[in-house]
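This report refers to the structure that appears directly beneath it.
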């Protein structure tokens, strides 16, 4: 097992990894930007190294400084968290080359799976159901138009290197197609440095279902069942739950097996998420594999009792998976609310000083945050300041308890998305069960000032 | 279901009950003494009534004022929590007589089971294994001596009305017997207003194992498996866990059945705990029934996923138990640390102002407390200010995580028992497994200044 | 402005006047009212302003109240939880009215608790300055019921 | 205004009076009350102002630092994370010593990161007042390495 791990992140996920390390008896090194010197993730760590100024590109994403920090502190491994360097194949590769374990998949896995178009082609070849679409990237407008007509409008143009809704265009009519492709290519080129795009059929009211996967270096792969992440605002996840109210046991088993097959087909290692799009009829299609631990991993931990971060670390250290598929049972229901520092109506960031931070407590409540009893929300980083994760014996109890937890949560000094979560949880459609990824955009449109 | 419940308590248990009510959509009335007017349990409630001055006997135990508060606020039911009026048969009786539901057993159950000597005799008659001892209370010194000789020294003198170690005397030699009985009688008379005592064989290194029971008004009784409360200081529980490392599945089933039989034999209702003493060989003996929800109920909630307080409320409202025995599965391992405001070496109370209170977070951590980000520990009440309850997939993980939680816990301004818990959790004997109720007294003696 | 708000403000002004305050802020359920008045103009001529300025120490605590009327008022509070009644029964007169002089030990009201009528007595001679609770209202322990001016009674 | 609010305000006034306060703010469950009164002028003339002034205000903040020398010193900080070396190789002399005069652009030390030697140069002329880190020590971003007195260099 590793003796010392550098946590190449900040905020709640840095604390989350720190906690896993402490429980495993592993020493920790925090990195931080200069404005984060007093942050909780720094205070929790055994050692800490300042790696640059406030701006993430110069500190948390600064590969030479992060690796130097790993070298001067003599760590065995680096946990990248999510965001920053977590899906940077080059970073993983340099780690491998200097003999520091990157807690995640290999650089080849990241490279293959971060190219959405290639991943799609690979999965299709292996018999994994993918969304109807183009074979690989598209160039020629005429070929494009033919594919689109065959798929039937609307279609969606997606960037191969994309993520988070960038480089995406929905096309409703043939005459809009060429322009949509060009603008998506331009946006993708600007955002990711690679302008390649591909075509898929567009579903208007899909659900977003993803399976948590773990694979060890000994050929074992298990899934920890699904998360339903259909509550999104402009392709950004807002609230997640497990299990999905849209799945029954038979569909769950089927999708779980497909997810495991997809992962096995690339000989994947460590934690990953297989994302599916599911239509109203229950048909599901592979979308992509996320090659990192995800923000919403705690809902899976709540319903399976597994510590996914510890499992990641154990596997990276060469241990075997500590569960077989049959040991992984779903119990109860879990919901996660991402609490962002933002105006709940206009979604503009609300950085500043938190004058009082008092999380809820009692049964079934878990809070992951890097806030102390007070705190600072810097404008340089992600606006998520806390995750409220709630367990209940069933979905109804989880919803009632989440509402109770939101009511108890005190965050003074800044605006947060707590009122938005209340609106979601109070909504009869959400309470009833499955909603689509467009539920929240519609709800927000109704309330927009 | 009830519309409004008065919570006749303060501190963390008042919040615990409030949370259950909120999740059930029931309005709450807090009562409070004048020094508690700003307390969190008051702020969380929908309504609040001041019932007296600081001293508990004049406020929280003031039956006329508490019942008047119930009347003027028009509640359907009263939840007594633990302590204060929770095991007061007279209070339960008056509630019954004025048509306000007492969330707990009937006054007859409380009266029968709070007389330890009568309860013992009752259980013996029904074939429940009880500790070898006298049949009922003892008076005549000569009869006493004969019984004691037959039991074999050491024996223990216990007050019928006793609890928490008061009115107890261990007698190692015959010549000490008469004096021990007299002093125990005197202490019992002073403390409980009833001087009756009885004799039992004394075990030197027993374990304290108790079963959580729930019984509805329709004849159903279930148990939620055991809690091990062997970590005690002078008969006061300090740390509890579930399941017990001393039980295997077969013994667990056997004891669970005995606990259910004991409860059924008195046609009990609502939540209760059957306490057993277990010797080194695994033989177990009925000790008593606690007729209330207990401080340590959360460890059971963690490993069964049940909300015991909500279940209490549902049953008191006439609903059936929402679980059958086969539905109640043990998953993982849970530990509770009672965090007291006290000097960790001398165990003297440490009331005062908490200048900063920041509980731990992350996976598997639950904190039940009535402290805000700051708080006041009044000298008038129990010194317990928080409960750290931790879930792990197995005992090793639960121990590692509890240590992590204790390390994260920030309570500034007063002294707490956190260092004591660290000593317990760091101890190899505790880490290995079963220890006896004398483990902690020995550990403390070693460290005493 | 709703009538109720108007009434609330007027109530607050009354409190401001009665207790010789200079500022009063009251916030409840999203409504915030703040009223302010110049420091007591009536007494101004008697104050030697120049000296006041000279003295200047910000740390100095104010001395005993200049207009000391309320300071010596006694508050009769409820010793129990229950329902407050101003009269022994619905069809009889109240025990006392504002302005009445009362003797120590005289019954002021009843607080009913658990069907028992508990008589609350005056703890000293004095004049009833204000009745703070309406009859048949629930009261909690320590809740002020009457303001008594003990000087007026002597 | 509800009776209970009125009662609360009056209670607060009582406290204000009793303890001779000038301002009191109270917040509870969405209700916020703030009351204020002028400090009572009656006792002012009795204060001996001259003594108050002589004694010296305990609130006086200390002025700017008496010994102000370091204020104009420049700190050379590490622009990267790595290992600090005072000399180009183990068997050569350090680039600079305390007391040395340096020119802008002159190499002061090396910070090694990922096997790369990064030369750190002086940003202005001056005298090396203090070397803050020992050779071969790991340094983080922004860590002070040298104190330079730019005046001494001019």
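Residue numbers (this note's numbering), protein chains in the order written: chain A, 2 to 450; chain B, 2 to 450; chain C, 12 to 165; chain D, 12 to 165.
Even for Gly, the Cβ is constructed at its ideal location relative to N, Cα and C.
Item: Three or more C-beta pairs under 8 Å: does that hold for the segment 222-229 of chain B against the segment 199-212 of chain B?; Value: yes
Item: Name the residues in the segment 37-67 of chain A whose C-beta lies less than 7 Å from a C-beta of chain D; which are they?; Value: 50, 51, 52, 53, 65, 66
Item: Counting along the chain, where does the beta strand (DSSP E) carrying residue 344 (chain B) start and finish?; Value: Taken as a continuous stretch (DSSP letters only), residue 344 (chain B) belongs to no beta strand (DSSP E), as it is neither H nor E.
Item: Anyone know if the C-beta pair for residue 243 (chain B) and residue 307 (chain B) falls short of 8 Å?; Value: no
Item: Taking residue 97 (chain D) as the query, report the chain C residues whose CB atoms sit under 9 Å from its CB, ordered along the chain.; Value: Under the 9 Å cutoff, chain C gives no residues; its nearest Cβ is about 55 Å from residue 97 (chain D).
Item: Is there contact here, the segment 85-94 of chain C with the segment 148-164 of chain C, by at least three beta-carbon pairs under 8 Å?; Value: yes
Item: Between the alpha carbons of residue 439 (chain B) and residue 428 (chain A), how many angstroms are there, rounded?; Value: 54 Å
Item: What residue range does the beta strand (DSSP E) around residue 78 (chain A) cover?; Value: 78-80
Item: In terms of DSSP beta bridges, what is residue 36 (chain B) paired with?; Value: Beta-bridge pairing links residue 36 (chain B) to no other residue.
Item: Would you kindly work out how many angstroms separate the C-alpha atoms of residue 295 (chain B) and residue 163 (chain C), rounded to a whole number?; Value: 56 Å
Item: Can you give me the start and stop residues for the alpha helix (DSSP H) that residue 301 (chain B) sits inside?; Value: 298-305
Item: Under 8 Å between C-beta atoms, does residue 112 (chain C) make it to chain D?; Value: no
Item: Nearest-angstrom Cα distance between residue 145 (chain A) and residue 200 (chain A)?; Value: 8 Å
Item: Where residue 108 (chain A) and residue 89 (chain A) are concerned, what is the direct C-alpha to C-alpha distance, given to the nearest angstrom?; Value: 8 Å
Item: Can you tell me whether residue 69 (chain B) is buried or exposed? The criterion is at least 16 other CB atoms within 10 Å of its CB, across all chains shown.; Value: buried
Item: Whole angstroms are fine: how far does the CA of residue 386 (chain B) sit from the CA of residue 39 (chain A)?; Value: 28 Å
Item: Return helix, strand or coil for residue 181 (chain B), following the three-state DSSP convention.; Value: helix
Item: Would you say residue 402 (chain B) faces chain A, with C-beta separation under 8 Å as the test?; Value: yes
Item: Using CA atoms only, rank isn't needed, just tell me which of C:24, C:117, C:97, C:155 is closest to residue 132 (chain C).; Value: C:117
Item: Given this structure, state the Cα-to-Cα distance separating residue 366 (chain A) from residue 415 (chain B), to the nearest angstrom.; Value: 26 Å
Item: Where does residue 233 (chain A) sit, in a helix, a strand or coil, going by DSSP?; Value: strand
Item: Quick check on the burial criterion: 16 or more other C-beta atoms within 10 angstroms. Buried or exposed for residue 56 (chain D)?; Value: Bear in mind that a pLDDT of 32 at residue 56 (chain D), under 50, signals an unreliable position, so the number given afterwards is only what the model happens to contain. When all chains shown are included, residue 56 (chain D) counts as exposed.
Item: My output table needs one value for residue 281 (chain B): the three-state DSSP class, helix, strand or coil.; Value: coil
Item: Closest to residue 84 (chain A) by C-alpha separation, out of A:421, A:380, A:62, would be which residue?; Value: A:62
Item: Counting only Cβ-Cβ distances shorter than 9 Å, please list the residues of the segment 345-372 of chain A near chain B, keeping chain order.; Value: 357, 358, 359, 360, 361, 362, 363, 364, 365, 366, 367, 368, 369, 370
Item: Taking the alpha carbon of residue 371 (chain A) as the reference point, which residue from A:111, A:46, A:420 has its own alpha carbon closest?; Value: A:46
Item: So, helix, strand or coil for residue 176 (chain A), using DSSP?; Value: helix
Item: Could you name the residues of the same chain whose beta carbon sits closer than 6 Å to that of residue 247 (chain B), not counting the 5 residues immediately before and after it, in chain order?; Value: 208, 435
Item: Note down the Cα distance separating residue 135 (chain C) from residue 143 (chain C), rounded to an integer number of angstroms.; Value: 18 Å
Item: Please go through the same chain and pick out, in chain order, the residues whose beta-carbon is closer than 6 Å to the beta-carbon of residue 221 (chain A), but skip the five residues on each side of it.; Value: 322
Item: Is it true that the segment 114-127 of chain A meets the segment 266-284 of chain A, where meeting means three or more beta-carbon pairs spaced less than 8 Å apart?; Value: yes
Item: If we count the other Cβ atoms within 10 Å of its Cβ and call it buried at 16 or more, is residue 240 (chain A) buried or exposed?; Value: buried
Item: Helix or strand or just coil, what does DSSP make of residue 114 (chain D)?; Value: coil
Item: Should residue 150 (chain A) and residue 175 (chain A) be called a contact, given that it needs their Cβ atoms to be closer than 8 Å?; Value: yes
Item: Indicate the three-state DSSP secondary structure (helix, strand or coil) for residue 213 (chain B) in the structure shown.; Value: strand
Item: Just to confirm, are residue 81 (chain B) and residue 10 (chain B) a CB contact at a threshold of 8 Å?; Value: yes
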